[in-house]
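The numbers in my numbering rise by one with no breaks, and the one at position 120 of the sequence shown is 173.
All residues carry an ideal CB built from backbone N, CA and C; glycine is no exception.
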Amino acid sequence: MAELHRATLEEFSSQKKIPLVVVLDDIRSMNNVGSVFRTCDGLATERIILCGITACPPNKEISKTALGATESVAWTYEKDVVTAVKQLQTDGYKVYMVEQTDDSIMLQDFKVIENQKIAIVMGNEVFGVSDRLLDVVDGAIEIPQFGTKHSFNVTIAAGIVMWEIAKQLHTLVS
Numbered sequence: 054m055a056e057l058h059r060a061t062l063e064e065f066s067s068q069k070k071i072p073l074v075v076v077l078d079d080i081r082s083m084n085n086v087g088s089v090f091r092t093c094d095g096l097a098t099e100r101i102i103l104c105g106i107t108a109c110p111p112n113k114e115i116s117k118t119a120l121g122a123t124e125s126v127a128w129t130y131e132k133d134v135v136t137a138v139k140q141l142q143t144d145g146y147k148v149y150m151v152e153q154t155d156d157s158i159m160l161q162d163f164k165v166i167e168n169q170k171i172a173i174v175m176g177n178e179v180f181g182v183s184d185r186l187l188d189v190v191d192g193a194i195e196i197p198q199f200g201t202k203h204s205f206n207v208t209i210a211a212g213i214v215m216w217e218i219a220k221q222l223h224t225l226v227s
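Pasting the structure below:
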């Protein structure tokens with residue numbers, strides 16, 4: 054670990070995290086859940102909230118792709134995603150779903166404001182983010198796409214959006 058300049062589990066748990074929470078709503082694939090855990094570790098995000106049918110650690114299938122990140126990334130479970138989003142807003146987060154909507158903000162146009170805490174909601178692999186969230190979230194972020202498909206795999210979409218937000222947050226604190 055020292056040669057790779059990687060934090061130990063103890064060092065990581067005490068290091069400052071970026072104010073980004075990832076909400077996974079009704080994610081079917083435990084491999085996808087594990088991959089998001091691993092990305093959250095790599096970007097040092099604050100935590101993950103697992104909602105609905107999303108599986109929780111400890112779980113062998115999650116562990117396959119998380120590669121230990123379920124031990125380093127803080128997480129909680131909330132059955133109802135609307136309850137989770139409202140609590141985040143009460144706690145001062147701006148909550149954005151990653152989804153294509155009539156009013157979505159293209160990712161390249163999304164700007165993080167200094168001292169802003171952000172949460173993103175990633176939806177089900179087939180059905181996307183729950184329609185119940187449309188009137189609850191603070192907005193929607195859309196990833197531009199140029200091919201024949203109209204969606205990315207949830208882990209790819211999460212990684213793209215998380216990277217852009219993390220990059221902006223790190224620039225603000227530098």
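Two segments are said to touch when three or more pairs of C-beta atoms, one from each, lie closer than 8 Å; by this definition the region 213–222 touches the region 160–171. Between R91 and V135, the beta carbon gap of about 27 Å keeps them out of contact (Cβ cut-off 8 Å). Selection V207, D156 and K70 evaluated against N84 yields V207 as nearest (Cα-Cα). The continuous alpha helix (DSSP H) containing D94 extends over residues M83 to L96. Annotation for T129: the continuous beta strand (DSSP E) segment containing it runs W128 to E131. Rounded to the nearest whole angstrom, the CA to CA distance from E167 to K147 is 12 Å. The three-state secondary structure of R59, taken from DSSP, is coil.
Boundaries of the beta strand (DSSP E) harbouring E195: G192 to E195, taken from the DSSP string.
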